[in-house]
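Q: The sequence shown lines up with residues 305 to 623 when you count with this note's numbering. Cβ coordinates follow ideal geometry from the N, Cα and C atoms, glycine included.
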Amino acid sequence: MYKNHKFSLILLLSGEGNRFQGDKPKQFYNLSGKRIYLHALDAFYDLNVFDEIILVCIKDWMDIVKKETSFYKNIKIAEGGSTRQKSAYFGLKVCSKPDFVLFHDAVRPFVTKKTILENLDAVIIHKAVDTCIKSTDTLVEINKDNFIEKVPNRSNYLRGQTPQTFEYSLIYEAHKKAFENNNFNATDDCQLVIDETKIFVVTGSENNIKITNKLDLFVAEQLLRMQNINLISNQKKDLFNKVFAVVGATGGIGREIVNSLKHENAIVLELSRNAEYKIDLTNYESIKTAFEKIYNQYGEISGLINAAGLLLVKPFKNT
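1) Which residues bound the beta strand (DSSP E) around S576?
2) Could you pull out every unbroken alpha helix (DSSP H) segment of at least 4 residues lying fully inside the region 549-605, listed in chain order?
3) Please list the terminal residues of the continuous alpha helix (DSSP H) segment that includes F394.
4) Are the CB atoms of V353 and L315 within a distance shorter than 9 Å?
5) Less than 9 Å between the C-beta atoms of V505 and T435, yes or no?
6) If you measure between the beta carbons of A570 and L608, is that distance less than 9 Å?
7) Taking the C-alpha atoms as reference points, what is the distance between I498 and L345?
8) Let me confirm a value: K330 is counted as buried when at least 16 other C-beta atoms fall within 10 Å, else exposed. Which label applies?
9) What is the rounded straight-line gap between the Cα of Y472 and the Cα of V405?
10) How many Å lie between D493 and H479 at the Cα?
11) Taking the alpha carbon of K566 as the reference point, which residue from K618, A553, P467 has its own alpha carbon closest?
12) Whole angstroms is fine: what's the gap from D584's alpha carbon to I605's?
13) Please report the distance separating the alpha-carbon of D425 from that of T507.
14) Determine the burial state of E320: buried for a count of at least 16 other Cβ atoms within 10 Å of its Cβ, exposed for fewer.
15) Ignore the nearest five residues each way along the sequence and tell me which others in V562's own chain have a CB closer than 8 Å to its CB.
16) In the DSSP assignment, the alpha helix (DSSP H) including N423 goes from what residue to what residue?
17) Take V398 and list the residues in its own chain whose beta-carbon comes closer than 6 Å to its own, dropping the five residues that flank it on each side.
18) Pull the bridge partners of K438 from the DSSP assignment, please.
19) If the criterion is Cβ atoms closer than 9 Å, does the pair A410 and L317 meet it?
20) With hydrogens ignored, establish whether the beta-carbon of A612 is closer than 8 Å to any heavy atom of the ligand SAH.
21) Checking 9 Å against the spacing of the C-beta atoms, do H408 and P467 come in under that value?
Laid out in C-alpha cells, this is it:
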C-alpha cells in the first residue's frame, strides 16, 4: 500500500522548552544515553516507509543536529519559527510535494509502530488524521474569574497527541492561508483544517507521553527501562533451539554466557583450547577448521559470541 504513495515526515524539534527550565531545550536531553529527539526519529526511520524526513530545528542547534543525523538517509533540516505553527509551515515548504505528510513532536519518543502505520492507513482514506486517547480526569470549564461554569461529560472529549497526518495539499494550503492572514493561534495542525474536512481519529497510547518538564523525563526513563525489560524477555523466548558459537567458552565470562544460553534452551557450541570445538585464536588454520566443522554440522548459525581476550598484567603506568 505504502509504495503507491509518497509520504513525508516532519519532526518538530524547534521548541525552546521554557517550561522545562533546563540548560538546553528538552528535545536535546538524553534518555538512557540517547537524545530524546533521536528516540522519536528512530521510531519512524526504522519503518522505512517515508520518502523524506524533515527535521525542523532551532537555529542554534542546526549544525549539531546535522552532525548527529549525518548517517541517516533522506534527511532535510529546516530552521524553525517562533511558534509551533510557523515551524510546521516552514517544514511543509521544504517538503518535496508528497502525497501525504505526517507531523510528530520530537519530545514524544514512545510513539509506536502501530500508531504510525494506523495514521498512514487512515490518511489515504480520510485525508486528515489525529491521534487521541481518552481522558481519565474530570474536565471543567471555567470563566474569566476562575469559577467553574460547567463540568462537561468527559466521554465526549479526548486528549490530542501526535502524530497528525494529512493530505499534503490540504494542510499546505491551510497553513499558507493562515500565514498570509497572520493567524498564528493554532496549537496543532488539525485546527487549521477542521472547517475544510472531517478529521479521523486514531487511538493513541498512554505511553506516548510528551516530555515537557523534568518529572516527565523521569517517567520517560522508567518507561524506557520497562520497554527494555520486555524486549529482553521477548528475546529470551526467541532463543529456543537457536544455535550460538561461543569463543572462550571455558573462561569466567564465557562460562556464564554459555550457562545463560543453555538456560533459555539454545544450542551452544563451545570453542576454546579445552572445549568440544578446540580452537587456537593465534592459528588461522585452527580457526578455519573449527568453523568448517560447525558449518558442516549446523549450517548457518544464529550468532557468534566472542568472550576470549588477552590478559595483560603489568603496572598501570607502563601500559
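A: Let me lay it out:
1) Residue numbering aside, residue 576 sits at position 272 when the sequence shown is read from its first letter. Unbroken beta strand (DSSP E) run through S576: 571-576.
2) Uninterrupted alpha helix (DSSP H) stretches at least 4 residues long and entirely within the region 549-605 occur at 556-567, 588-602, given in chain order.
3) As a first step, residue 394 is located in the sequence shown; it is residue number 90 there, counting from the start. 388-398 is the span of the alpha helix (DSSP H), which, as asked, contains F394.
4) By 1-based counting over the sequence shown, the position of residue 315 is 11. By 1-based counting over the sequence shown, the position of residue 353 is 49. Cβ distance not < 9 Å, so L315 and V353 don't count as in contact.
5) Here the question's residue 505 lines up with position 201 in the sequence shown. Here the question's residue 435 lines up with position 131 in the sequence shown. Yes, the Cβ-Cβ distance between V505 and T435 is below 9 Å.
6) Along the sequence shown, one-based indexing puts residue 570 at 266. Along the sequence shown, one-based indexing puts residue 608 at 304. No; because the gap between Cβ atoms is not below 9 Å, this pair is not in contact.
7) As a working mapping, residue 498 is identified with position 194 in the sequence shown. As a working mapping, residue 345 is identified with position 41 in the sequence shown. Going from the Cα of I498 to the Cα of L345 covers about 27 Å.
8) The residue labelled residue 330 in the question sits at position 26 within the sequence shown. It counts as buried.
9) What you label residue 472 is simply residue 168 of the sequence shown in a count that begins at 1. What you label residue 405 is simply residue 101 of the sequence shown in a count that begins at 1. In a straight line, the C-alpha of Y472 is about 6 Å away from that of V405.
10) For the purposes of this step, residue 493 is taken as residue 189 along the sequence shown, with counting starting at 1. For the purposes of this step, residue 479 is taken as residue 175 along the sequence shown, with counting starting at 1. Their Cα atoms are separated by approximately 8 Å.
11) What you label residue 566 is simply residue 262 of the sequence shown in a count that begins at 1. Among K618, A553, P467, the Cα nearest to that of K566 belongs to A553.
12) The sequence position of residue 584 within the sequence shown is 280, counting from 1. The sequence position of residue 605 within the sequence shown is 301, counting from 1. In a straight line, the C-alpha of D584 is about 20 Å away from that of I605.
13) Counting from 1 along the sequence shown, the entry for residue 425 is found at position 121. Counting from 1 along the sequence shown, the entry for residue 507 is found at position 203. D425 and T507: Cα-Cα distance of roughly 13 Å.
14) As a position in the sequence shown, residue 320 is number 16, starting the count at 1. With fewer than 16 Cβ atoms within 10 Å of its Cβ, E320 is classed as exposed.
15) Taking the first residue of the sequence shown as 1, we reach residue 562 at position 258. Hits under 8 Å: V550, A553, V572, E574.
16) Start at 1 with the first residue of the sequence shown, and residue 423 comes out as number 119. Taken as a continuous stretch (DSSP letters only), the alpha helix (DSSP H) holding N423 covers 417-430.
17) Counting from 1 along the sequence shown, the entry for residue 398 is found at position 94. Cβ neighbours of V398 beyond the five flanking positions: I358, K380, A382.
18) The count along the sequence shown starts at 1 and reaches residue 438 at position 134. Answer by DSSP bridge pairing, in chain order: L462.
19) Working through the sequence shown from its first residue, we reach residue 410 at position 106. Working through the sequence shown from its first residue, we reach residue 317 at position 13. Yes, Cβ-Cβ distance for A410 and L317 is below 9 Å.
20) Because no ligand of any kind appears in the structure shown, any question about the ligand SAH cannot be addressed here.
21) Looking up residue 408 in the sequence shown gives position 104. Looking up residue 467 in the sequence shown gives position 163. Yes, Cβ-Cβ distance for H408 and P467 is below 9 Å.
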